[in-house]
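Scroll down for the structure; my scribbles are underneath it.
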Amino acid sequence: MTSEELFKNLIAHAKEYGFIFPSSEIYDGLGAVYDYGQMGVELKNNIKNYWWNAMVRLHDNIVGIDSAIFMHPRIWEASGHVGAFNDPLIDNRDSKKRYRADVLLEEHIAKIEDKITKEVEKGRKKFGEAFDEAQFRATNPNVLRNAAKAAEIQAKMNAALNANDLDALKQLILDCEIACPVSGSRNWTDVRQFNLMFSTQLGSVSDEAGVIYLRPETAQGIFVNFLNVQKTGRMKIPFGIAQIGKAFRNEIVARQFIFRMREFEQMEMQFFVRPGEEIKWYEYWKNERLRWHQSLGLGNEKYRFHNHEKLAHYANAAADIEFNFPFGFKELEGIHSRTDFDLGRHQEFSGRKQQYFDPETNESYVPYVIETSIGLDRTFLAVLSAAYCEEQLGNGEERVVLRIPPVLAPVKLAVLPLVKKDGLPEKAQEILQTLRLDFNCRYDEKDSIGKRYRRQDAIGTPFCITIDHQTLEDDQVTVRYRDTMQQDRLSVAGLRALIDGQVNLRKWLPAAGNSSRQ
Ligand code: GAP
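Mapping the sequence shown onto the working numbering, position 107 (from 1) lands on 1429, and the numbers just tick up by one.
Quick look at the structure:
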């Protein structure tokens, strides 16, 4: 099965089992907007909890806030979003479809890179064991020609984007002979900038002055509360402020399920440091965040850093943590050294000092900031895609199992009476009552035990507890493990400790956090 087919199956599975529904489905949906169902909301809450605990609880110099989505419109002028939070757009006059000019070019480059990959595979087949890929790539004329072509287009595109030269961007599309995937024509409009912020009106004022924006990132809510938190929390630099919340972007190219949405959630942390110490902290947070991802056990090889060579004007270092999604390595989290840009700009635009008096150096300064910014929905997709598994069993049957890390699993255990009579449901309910305040449990008495196991596998429940006639005599149950499908006989009294040992944060997050003091 191709990874594309597997991804389609995963999307269907996410809907069938109540993880993710297309928004407004009975009205044919709303582009790039999704709803989280009964299982999805549990998984999402568990991811939030995992991040919040790692960032806030385990670092005694990081606190959290929850700022409003609506903010004063001047904030978005100060942050640069009104002027520069744009995507370059181009329309095809025949299909009336709208595209991001840079994405059209990137897809064109990807096609050239595909040709290189195919050429390499041909070489591998031809030369068999003696095949030396590095040498082949360095000498094969077709590979060299295509690699040079891809590099040239990439360089021209970067130059046009950096110079904000929209004519050059259009010319490049024409030179590459890129056609609209829908109409097949090259009848393109000019490229123009499109601001990604959604705007609306505040109160009854319907002129320009009443325009406010749905925040495109949660970070600015942290910056404008920097002094509130610092003073009321008596925080000393270095310290961080964390926030989880919705962000909105009018994405033109909204594809790949919940990877790129118009309404999504971010988990962001701004870490305020002394000027001159930012690169040390930037490196610290790069490592710390990678460690957090790896702690989930989805496979260390699924993550990689992408260090930015081209930096935004406010950053002096930046990297993405990329995850190997079913459609390839893509950005999951950004770590940015944002200098004093944001606080400096808010100081300038608000006319209020955004300075910190450092008792150790007896100086006042605008702190520098390291930002860690991770998409909640993208983390959800990373977990789901790494967990989704279509498995052939020894007996010829097939099962779909979500191998979600137990700490994040929506349901931790299912309590299943073997039959619906003889006092087994009552005993099962009794056990359920003793565990439901500690763990999210499900009770299921319908269908055969095999079918019930499959249902739990499909939502990623790590433990199934089966109550049978013997249980009534010896107070022992069968515990069935999701991943191995092995079964153990265990006393009811031992259940809490067994499950807790697998799902508790203690097992997953490093016990001693608080290393962000250095
Ligand atoms: N405050 C910095 C900031 O917002 P960003 O790289 O634009 O930086 C941070 O976004 C993270 O938010 C990304 O790494 C990604 O995980 C998530 N994200 C951004 N746009 C998204 C979208 N349209 N849909 C889902 N997640 C998105």
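C-beta: ideal position from N, C-alpha, C; glycine also. Since the structure is predicted, the reported quantities are computational estimates derived from the model, not experimental observations.
| R1700 to A1336, Cα distance in whole Å? | Position 378 of the sequence shown, counted from the start, is the residue given in the question as residue 1700. Position 14 of the sequence shown, counted from the start, is the residue given in the question as residue 1336. The C-alpha of A1336 is placed about 14 Å away from the C-alpha of R1700.
| Hey, how far is the Cα of F1329 from the Cα of V1385? | As a position in the sequence shown, residue 1329 is number 7, starting the count at 1. As a position in the sequence shown, residue 1385 is number 63, starting the count at 1. Computed Cα separation, rounded: 37 Å.
| request: Could you name the residues that DSSP lists as bridge partners for F1581? | output: Residue mapping note: residue 1581 aligns to position 259 of the sequence shown, counting from 1. DSSP lists no partner for F1581.
| query | How many whole angstroms separate the CB atoms of Y1421 and I1434, which I take to be in contact at a CB cut-off of 8 Å? | reply | Position 99 of the sequence shown, counted from the start, is the residue given in the question as residue 1421. Position 112 of the sequence shown, counted from the start, is the residue given in the question as residue 1434. Rounded, the Cβ-Cβ distance is 18 Å, inconsistent with contact.
| task | Using 7 Å as the cut-off, classify the Cβ of E1590 as near or not near the heavy atoms of the ligand GAP, replying yes or no. | result | The residue you call residue 1590 lines up with position 268 of the sequence shown. Yes, the ligand GAP has a heavy atom inside 7 Å of this Cβ.
| query | What's the call for M1479, buried or exposed, on a 16-neighbour Cβ count within 10 Å? | reply | Reading the sequence shown from its first residue, position 157 is the one you call residue 1479. Buried.
| task | Taking all protein chains shown into account, decide if N1836 is buried (16 or more other Cβ within 10 angstroms of its Cβ) or exposed. | result | Residue 1836 sits at position 514 when you count from the first residue of the sequence shown. With a pLDDT of 48 at N1836, under the threshold of 50, the predicted position of this residue should be treated as unreliable, though the coordinate-derived value follows. Its Cβ having fewer than 16 others within 10 Å, N1836 is exposed.
| said: Does K1749 pass the burial test, meaning 16 or more other C-beta atoms within 10 Å, or should it be called exposed? | reply: The sequence position of residue 1749 within the sequence shown is 427, counting from 1. K1749 should be labelled buried.
| said: Could you compute how far the alpha carbon of M1323 sits from the alpha carbon of N1331? | reply: The residue given as residue 1323 occupies position 1 in the sequence shown. The residue given as residue 1331 occupies position 9 in the sequence shown. Taking C-alpha positions only, M1323 is separated from N1331 by approximately 10 Å.
| query | Can you tell me whether I1643 is buried or exposed, with buried defined as 16 or more other CB within 10 angstroms of its CB? | reply | Here residue 1643 refers to the residue found at position 321 when the sequence shown is read from its first residue. Buried: at least 16 other Cβ atoms inside 10 Å.
| Does the pairing of the segment 1610-1630 with the segment 1388-1398 give three or more beta-carbon distances under 8 Å? | no
| field | Identified DSSP bridge partners for D1760 | value | Residue mapping note: residue 1760 aligns to position 438 of the sequence shown, counting from 1. Paired residues: none, contrary to the question.
| field | Continuous alpha helix (DSSP H) assignments of at least 4 residues falling wholly in the segment 1666-1751 | value | 1698-1709
| query | How would you write the range of the alpha helix (DSSP H) that Q1493 sits in, first residue to last? | reply | Looking up residue 1493 in the sequence shown gives position 171. Per DSSP, Q1493 belongs to the alpha helix (DSSP H) from L1488 to D1497.
| DSSP on F1594, reduced to helix/strand/coil? | Locating residue 1594 in the sequence shown gives position 272, where the first residue counts as 1. F1594: strand per DSSP, three-state reduction.
| request: Provide the residue span of the beta strand (DSSP E) that contains N1517, from first to last. | output: Along the sequence shown, one-based indexing puts residue 1517 at 195. R1514 to N1517 is the span of the beta strand (DSSP E), which, as asked, contains N1517.
| task | May I ask you to verify whether the segment 1789-1804 touches the segment 1813-1821, counting CB pairs closer than 8 Å and requiring at least 3? | result | yes
| said: Taking the beta carbon of F1702 as the centre, do at least 16 other beta carbons fall within 10 Å, making it buried, or is it exposed? | reply: Position 380 of the sequence shown, counting from 1, holds the residue named residue 1702. It counts as buried.
| field | beta strand (DSSP E) segment containing F1647, residue limits | value | One-based indexing of the sequence shown puts residue 1647 at position 325. Note, F1647: beta strand (DSSP E), A1639 to F1647.
| request: Along the alpha helix (DSSP H) that carries H1630, what are the first and last residues, could you check? | output: Position 308 of the sequence shown holds residue 1630. Counting along the chain, H1630 falls outside any alpha helix (DSSP H), and DSSP gives it neither H nor E.
| said: For the structure I just gave you, are there three or more beta carbon pairs, one from the segment 1508-1518 and one from the segment 1401-1410, closer than 8 Å? | reply: yes
| field | Under the three-state DSSP convention, the category R1776 falls into | value | Looking up residue 1776 in the sequence shown gives position 454. Correct three-state label for R1776: helix.
| Is there contact here, the segment 1776-1787 with the segment 1713-1729, by at least three beta-carbon pairs under 8 Å? | yes
| So, are the CB atoms of F1283 and L1654 less than 8 Å apart? | Given that the chain is displayed from residue 1323 to residue 1840, the structure contains no residue 1283 and the question cannot be resolved.
| task | For N1368, collect the residues of the same chain with a Cβ closer than 6 Å to its Cβ; drop the 5 residues on either side in sequence, then sort them by chain order. | result | In the sequence shown, counting from the first residue as 1, residue 1368 sits at position 46. L1730.
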